[in-house]
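Below: one structure, written as structure tokens.
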Amino acid sequence: MKLKVYSDRLSQPVRAVLIFCKVNGIEFEEVRVDLSKREHFSPEFSEINPMNQLPAIVDGEFKLFESHAILIYLASSYPEVADHWYPADVFKRSKIHSVLDWRHSNLRRGPVTIVQNTVLAPMFCRPFNPEGAAEGEKLLSAALSKIESFWLEGNGPFLLSANQPSIADLSLVCEIMQLELLDEADRNRLLSPYKKVQQWIENTRNATNPHFDEVHKSLKEIKEQLQK
Amino acid sequence: MVLKVYADRMSQPSRAVIIFCKMNGINYEEIKVHISKGQHLTSEFAEINPMKQLPAIIDGRFKLFESHAILIYLACAFPGVSDHWYPADVSRRSRIHSVLDWHHSNLRRGAAPYVFNTTIAPVLGRPLNPQAAAEAETILTSSLSKLESFWLKGNGRFLLGGNQPSIADLSLVCEIMQLEVLDEKDRARLLDPHKKVQQWIENTRNATSPHFDEVHKVLMKAKERLQYQRLKAAKNEGGSDMKKPLPSRM
Numbered sequence: 001m002k003l004k005v006y007s008d009r010l011s012q013p014v015r016a017v018l019i020f021c022k023v024n025g026i027e028f029e030e031v032r033v034d035l036s037k038r039e040h041f042s043p044e045f046s047e048i049n050p051m052n053q054l055p056a057i058v059d060g061e062f063k064l065f066e067s068h069a070i071l072i073y074l075a076s077s078y079p080e081v082a083d084h085w086y087p088a089d090v091f092k093r094s095k096i097h098s099v100l101d102w103r104h105s106n107l108r109r110g111p112v113t114i115v116q117n118t119v120l121a122p123m124f125c126r127p128f129n130p131e132g133a134a135e136g137e138k139l140l141s142a143a144l145s146k147i148e149s150f151w152l153e154g155n156g157p158f159l160l161s162a163n164q165p166s167i168a169d170l171s172l173v174c175e176i177m178q179l180e181l182l183d184e185a186d187r188n189r190l191l192s193p194y195k196k197v198q199q200w201i202e203n204t205r206n207a208t209n210p211h212f213d214e215v216h217k218s219l220k221e222i223k224e225q226l227q228k
Numbered sequence: 001m002v003l004k005v006y007a008d009r010m011s012q013p014s015r016a017v018i019i020f021c022k023m024n025g026i027n028y029e030e031i032k033v034h035i036s037k038g039q040h041l042t043s044e045f046a047e048i049n050p051m052k053q054l055p056a057i058i059d060g061r062f063k064l065f066e067s068h069a070i071l072i073y074l075a076c077a078f079p080g081v082s083d084h085w086y087p088a089d090v091s092r093r094s095r096i097h098s099v100l101d102w103h104h105s106n107l108r109r110g111a112a113p114y115v116f117n118t119t120i121a122p123v124l125g126r127p128l129n130p131q132a133a134a135e136a137e138t139i140l141t142s143s144l145s146k147l148e149s150f151w152l153k154g155n156g157r158f159l160l161g162g163n164q165p166s167i168a169d170l171s172l173v174c175e176i177m178q179l180e181v182l183d184e185k186d187r188a189r190l191l192d193p194h195k196k197v198q199q200w201i202e203n204t205r206n207a208t209s210p211h212f213d214e215v216h217k218v219l220m221k222a223k224e225r226l227q228y229q230r231l232k233a234a235k236n237e238g239g240s241d242m243k244k245p246l247p248s249r250m
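Protein sequence lines correspond, in order, to chains H and S.
Last residue of the first sequence: 228 in UniProt numbering, with the numbers rising by one and none dropped.
Last residue of the second sequence: 250 in UniProt numbering, with the numbers rising by one and none dropped.
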């Protein structure tokens, strides 16, 4: 029975899991769960993930949710996955855990808050909320500053001075890519102070292309629809 | 060079790391960093952890922060740590990762700000924030329900149907213990509906005895002080009401 990945490409953590599978040649079936139609609240999907969130996977009889847990599971279970994604070395691995944990309380809230209070508000039946968006921008800037000055310290093209990407790079870059839904001017305003961050996004994209661009196509399509 | 653990026992994740070390006989030096005195904001501590948060560790030359990352590192790097804390089995381990991740955006996101904005803020020179408290309470009650109905499903004494504790049990129970400093009525209101949660807290406490109680002593002292202050405030209010004339309704 093939691995099933429950997905909506609008979701940042979903994209990280999809790109990871594709880059590593992990065979899977993508099962679409449309967030805008609230399909994640259906009784069928609640059986898969009682938290009603994406992504979720089913591998044989094994169900799992939370994207970091999924990425770690896939890296550990599929022998074709190269070591740099989730190194066996306990020191490197621990640093990856620390940035993944940091992401939850720091980076995650920024882009989500901005986007859900502005461009995606109508899709989720919420009012435009410029105050909420401003809060989100503050969170985002604080997080991007920390990535620029600390997580990208050193000379490596990737987080933690690594020369090859890890699951942390994929997870965090997909988070920041959510800003693609914004106006070009807004996105540039938010990202332009951070040169290392911009380069790192590009490095991660190049290291995982063509899959990165292919998986992110839906964001562009959604943006075009929203602009109509 | 012995492991250094930078901690404040008022910090929930600090307590989880300390209890874990004690339970597993890991030799360490506890370096107290007092949050209430702003010691985590000093430039010295920023050298240890630029995010200025607790806990943090230094093992030889290796520095690490984020309590889940620390617990996993200790479980992997120190011999003699029993498998049940962080199982080698990939499926069991992945499930532990999923509850640890869920914790960040749910239990932690509810419990910590709720306690802070109803009780602890003044101790740190900050105002109480009822709106933030109300938002946090929604997340907290939802998280406690999810613990009761999903994470503690089945007959195991611990999370994920386990019969022995993992790092997830330690992390989440230490978080919920922070509710001890709340008004007793408040705490009861939040926890009484959840019998499994209460039993699980007790199971985790027993499984990590006597270290659990010893490490929580600081929190329990804070609880006593806050209860005393509440009683004093209530008495004063009652006393002054009797002296003040009632406002006229004319």
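Quick reminder that beta carbons are idealized off the backbone N, C-alpha and C, glycines included.
The model shown is predicted, which means the values in this text are computed figures rather than measured ones.
For the C-beta of residue 33 of chain H, not a single chain S residue is nearer than 7 Å; the gap to the nearest is close to 18 Å.
Rounded to whole angstroms, the gap between the alpha carbons of residue 8 of chain S and residue 38 of chain S is 11 Å.
Here residue 31 of chain H carries a strand assignment [DSSP, helix/strand/coil].
Residue 12 of chain H and residue 41 of chain H have their C-alpha atoms spaced approximately 19 Å apart. Fully enclosed beta strand (DSSP E) runs of no fewer than 3 residues occupy 28-32 of the segment 4-50 of chain S, in order along the chain.
Residue-level contact check: residue 105 of chain S touches chain H, since one or more beta carbons of chain H fall below 8 Å from its beta carbon. The CB of residue 77 of chain S comes closer than 9 Å to the CB of 90, 91 and 94 in chain H, given here in chain order. Assigned with DSSP and collapsed to three states, residue 3 of chain H falls in strand.
By the C-beta density criterion, residue 59 of chain S is buried, having at least 16 other C-beta atoms within 10 angstroms.
The continuous alpha helix (DSSP H) containing residue 101 of chain S extends over residues 90-105. Shown here for residue 164 of chain S: same chain residues with a beta carbon closer than 6 Å to its own, the five before and five after excluded, namely 84 in chain order. For a Cβ distance threshold of 9 Å, residue set 50 and 51 of chain H lies close to residue 150 of chain S, ordered along the chain. Per DSSP, residue 59 of chain S is one residue of the beta strand (DSSP E) stretching across 56-59. Rounded to whole angstroms, the separation of the alpha carbons of residue 217 of chain H and residue 115 of chain S is 43 Å. For residue 158 of chain S, there is no enclosing alpha helix (DSSP H), as DSSP gives it neither H nor E.
Contact between the segment 57-67 of chain H and the segment 148-157 of chain H is not established, with fewer than three Cβ pairs separated by less than 8 Å. DSSP lists S:57 as the beta-bridge partner residues of residue 64 of chain S. Sequence-distant Cβ neighbours of residue 46 of chain H in its own chain, meaning closer than 8 Å and more than five residues away, are 52. In the structure shown, the three-state DSSP call for residue 179 of chain S is helix. About 19 Å separates the beta carbon of residue 113 of chain S from that of residue 55 of chain S, a gap too long to meet the 8 Å contact definition. 8 Å or more divides the Cβ of residue 77 of chain H from the Cβ of residue 86 of chain H. Annotation: residue 119 of chain S to residue 125 of chain S spans about 12 Å, alpha carbon to alpha carbon. Counting along the chain, residue 132 of chain S sits inside the alpha helix (DSSP H) bounded by residues 130-146. By the neighbour-count criterion, in which a residue is buried when 16 or more other Cβ atoms sit within 10 angstroms of its Cβ, residue 228 of chain S is exposed. Residue state for residue 52 of chain S is assigned as coil, using DSSP reduced to three classes. By the Cβ-count criterion, residue 212 of chain H is buried, with 16 or more other Cβ atoms from all chains shown falling within 10 Å of its own Cβ.
Flagged as an interface residue toward chain S: residue 102 of chain H, by a C-beta distance shorter than 8 Å. In the three-state scheme derived from DSSP, where H, G and I count as helix and E and B as strand, residue 57 of chain H is classed as strand.
Around residue 135 of chain H, the same chain offers 113 as residues with beta carbons nearer than 7 Å, after the five sequence neighbours per side are excluded. The alpha-carbon separation between residue 197 of chain S and residue 106 of chain H amounts to approximately 28 Å. Three or more beta-carbon pairs separated by less than 8 Å are not found between the segment 219-238 of chain S and the segment 147-154 of chain S, which leaves the two stretches without contact. Residues of chain S with a Cβ closer than 7 Å to the Cβ of residue 73 of chain H are, in chain order, 90 and 94. For residue 64 of chain H, the enclosing beta strand (DSSP E) begins and ends at 62-65.
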